[in-house]
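See structure below.
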Amino acid sequence: MKEKNFKMEIEGKELSITTGKLAEQTNGSALVRYGQTEVLATAVMSKEPVERNYFPLMVDYEEKFYAAGKIKGSRWVKREGRPTDEAILSGRLVDRAIRPLFNSKMRNEVQIVLTVLSFDGENDPVFPALIGASIALSVSDIPWNGPVGGISIGKNEKNEWTISPTISEKIETKSEIFVSGIEQDNEVLINMIEGHTPETKEEEALKAIERTKKTIKEIIEFQNKIVKEIGLKKATIEIPELNKDLKQEVEKIIDKGLENAVYEPDKQKRLNNLKELKDSIEKLIKEKAETEEADKQLGLSFDLLDEKTDEIVHKNVLENEKRPDNRKTDEVRKINCQVKLFPRVHGSGLFQRGETQVLSMITLAPPGAEQLLDQMELEGAKRFMHDYNFPSFSVGEVGPMRGPGRREIGHGTLAEKALKPIIPDKESFPYTIRIVSEVLSSNGSSSMASVCGSVLALLDSGVPVKTNIAGIAMGLMTELTEKPTKTKFKVLTDIQGPEDHHGDMDLKIAGSREGITAMQMDVKLNGVTMEMLKEAFPRAKKARIEILEEMEKAIKTPRPELSQFAPRVYSLTVNPNRIRDIIGPGGKTINELTEETGATIDIEDDGTVFVSCEDAEMAKKAISRIKSLTRELKKGETFEGKVVKIADFGAFVELSPGQEGLLHISELAPGRVEKVEDYLHQGDTVGVKIKNIDPQGKISLELTKPIKK
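Each residue of the sequence shown is one higher than the one before, counting from 70 in the numbering used here.
Here is the structure:
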């Protein structure tokens, strides 16, 4: 493919796409530039299908420190290692936007690699990464129903929604909603949302999402022109089919037992029912299929079971509003909330909704426990952290206990973004806060249950949160038509297992009574209309308020006192020029103070000093010493000071710990003084008065009463 360049403008900035220049051995590639941020996107498909019971798509987002002109901060390791959480989240965002547009029956491996080659510090690489993935797939021979367009919308300094905000604007306003979609029948359908906002009204959030549609459509039209000019013919991929004779017999087994298997409120009973159904199918396959074909036909039979389950779940909801657990379409499952479950932790909350149960535990620590960030895009420290764990026992399965996977990182970050707007600022609550949510049982929306459990833990620990929030997952069942605006649909509140797996949408929304703090949407169809979202958002608010009312029966406001096991953190402000007096030469002063009191002392460049200690008396002692060390002396103040050093030109007198003044030899007596030692010796106490303090902070003293020779 020859090198080709294509350009369009978005919000006054050029979006440039180059094809045919790099990565020639891929099925498709594109170099995408926005501002001075550039991402190389490559798409490769395996030549043969693999033995999987799912479509094997991999999306890898590669942060390179050289892109930002940095070398990794670790002293020993300079090479990029495992992806950062930010890179994983960026890769997940692209994955969620492109995955619905593949045929889920494909078994050829497809890998998208997104490599950040240049980062200008202002334009987020995730936008060109998504466009690059779409272009690489669209111009390749890989079967795909794209292109997809996407853009972020956030607020500027005037609190107005603006398309494609810079990174600094997003940090300043703490608002961003990334929206992606496709075009169908001249209508933009939304197929992915990822956003966080500080208590934004539902109506305002919907308007922001709708506003992105115009830009998304322009981006898709731009891509269509590129595909028309250089796109390859799509490869024909063999989709395996179930043997016709076997299919008829498998369908009989499914039709006979599926209704009872699916429509069982208890998850374990439902899983047992489905297992019995699968056992019957497996028995049939072993009897009827050729030995070498048995495994393949069994997998295809289970795919058919999945399709039939999709059909029956959709049909019963759309025609009869019948859900697998017989709830109403807007009904939230039974909720149970508890706090203060364990004596030694700083705060705990147990939130259960139906069969989804999450235990959230909070730890409070001094400011020095902040997480230091060393990433391509981000540097600095993070004082609020939320981690999410999903062990295999939570779904009744056996599995290895490893570190967090991509899903766990994604769910944990979603809850963290939802909670962040209610966390008090450092000035009013100078603690590092970490919450860990342990999923003990899962049957739908454990990430939103983590939000609820975390709020309970925050209140139980005494953290003065700004307000209470809750989260809910909304679902959707549709009857697809050629005209997306004519599609029949039903929105479901509080989806659980079968509705999540077999439904068309998973829309998670967290927020307070006043507005949304975070949202995330994935779909299994091409996309959803604004009409669907406009019904789902208010329904989510209604459910959130119901959940909040149940949570507040357990605890409504923060406890007045922190746990007796939590450290006490105190703050004071000193002149930044006096920080050196706290630290001392080579850290001597601060080390002695820490050893003497057992306190942890953290000092910031602006002169803010945080003192933390489990013993309140020792903390007060440390604060008193710091105040003494950094006391601002004034001209005219008098002291009874100790002579700490004798020099030819005078005596140095300690006025307070770490602060000395010079009593010049000429001040010791009227007339000429031959030797300082004729009047003073080291260790003597003398009454002095501050005569002058020069701009460099040097103190000159005079006597308050004569010294006898």
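Glycine included, each C-beta is placed from N, C-alpha and C at the ideal position. Because the structure is a prediction, the values reported are computed rather than measured.
Counting every other CB atom within 10 Å of its CB across the protein chains shown gives residue 459 a total of 16 or more, marking it as buried. Assignment of residue 184 by DSSP, reduced to helix, strand and coil, places it in the strand class.
Annotation for residue 374: 323 place their beta carbon closer than 6 angstroms to its own, counting only its chain and skipping 5 residues before and after. Residue 99 sits in a strand when the DSSP states are folded into three classes.
Under the Cβ criterion (8 angstroms, minimum of three pairs), the stretch 436-455 does not count as touching the stretch 641-651. Residue 737 and residue 695 have their C-alpha atoms spaced approximately 32 angstroms apart. When the alpha-carbon of residue 205 is set against those of 223, 558, 125 and 87, the nearest one is in 87. One Cα belongs to residue 670, the other to residue 246, and the distance between them is close to 39 angstroms. Pairing residue 334 with residue 243, the inter-Cα distance amounts to about 40 angstroms. The beta-carbon distance between residue 201 and residue 136, rounded to whole angstroms, is 14 angstroms. This is too long to meet the 8 angstroms contact definition. Collapsing the DSSP output to three states places residue 135 in a helix. The beta carbon of residue 604 lies closer than 7 angstroms to those of 560 in the same chain, with the five residues before and after it left out. Assignment of residue 445 by DSSP, reduced to helix, strand and coil, places it in the coil class.
Taking all protein chains in view, the Cβ of residue 468 is surrounded by fewer than 16 other Cβ atoms within 10 Å, so the residue is classified as exposed.
Looking at the backbone, the Cα of residue 480 and that of residue 168 are separated by about 18 angstroms.
Inter-residue distance for residue 623 and residue 523 is about 13 angstroms (C-alpha atoms, whole angstroms). Secondary structure at residue 470: coil, using DSSP grouped into helix, strand and coil. Rounded to the nearest angstrom, the Cβ distance from residue 402 to residue 422 is 5 angstroms, consistent with a contact under 8 angstroms. If you look at residue 761, you'll find it in the beta strand (DSSP E) that goes 754-762. As a beta-bridge residue in DSSP terms, residue 505 pairs with 430 and 456. Counting the other Cβ atoms within 10 Å of the Cβ of residue 575 gives 16 or more, which makes it buried.
Around the beta carbon of residue 420, a 10 Å sphere encloses 16 or more other beta carbons of the protein chains shown; the residue is thus reported as buried.
In the DSSP annotation of this structure, the continuous segment of the beta strand (DSSP E) that includes residue 116 starts and ends at 106-118. The beta carbon of residue 387 lies closer than 7 angstroms to those of 546, 548, 557 and 559 in the same chain, with the five residues before and after it left out. The beta carbons of residue 721 and residue 729 sit closer together than 8 angstroms.
Excluding sequence positions up to five before and after residue 449, its CB lies within less than 6 angstroms of the CB of 442, all in the same chain and listed in chain order. Uninterrupted alpha helix (DSSP H) stretches at least 4 residues long and entirely within the stretch 313-400 occur at 313-331, 336-357 and 363-389, given in chain order. A distance below 8 angstroms separates the beta carbons of residue 208 and residue 97. With contact defined as three or more Cβ pairs closer than 8 angstroms, the stretch 741-749 and the stretch 672-692 are not in contact. In the same chain as residue 411, and ignoring 5 residues on each side of it, the C-beta atoms closer than 6 angstroms to its own belong to 417, in chain order. Scanning 516, 118 and 100 for the CA closest to the CA of residue 174 turns up 118. Contact annotation, residue 427 with residue 527: C-beta distance approximately 14 angstroms; criterion of less than 8 angstroms not satisfied. For the pair residue 116 and residue 376, the Cα-to-Cα distance works out to about 27 angstroms. Burial check for residue 305: the Cβ neighbour count within 10 Å stays below 16, so the residue is exposed.
When DSSP reads this structure, residue 639 sits in a beta bridge with 680. Taking the C-beta atoms as reference points, residue 475 is found nearer than 8 angstroms to residue 161.
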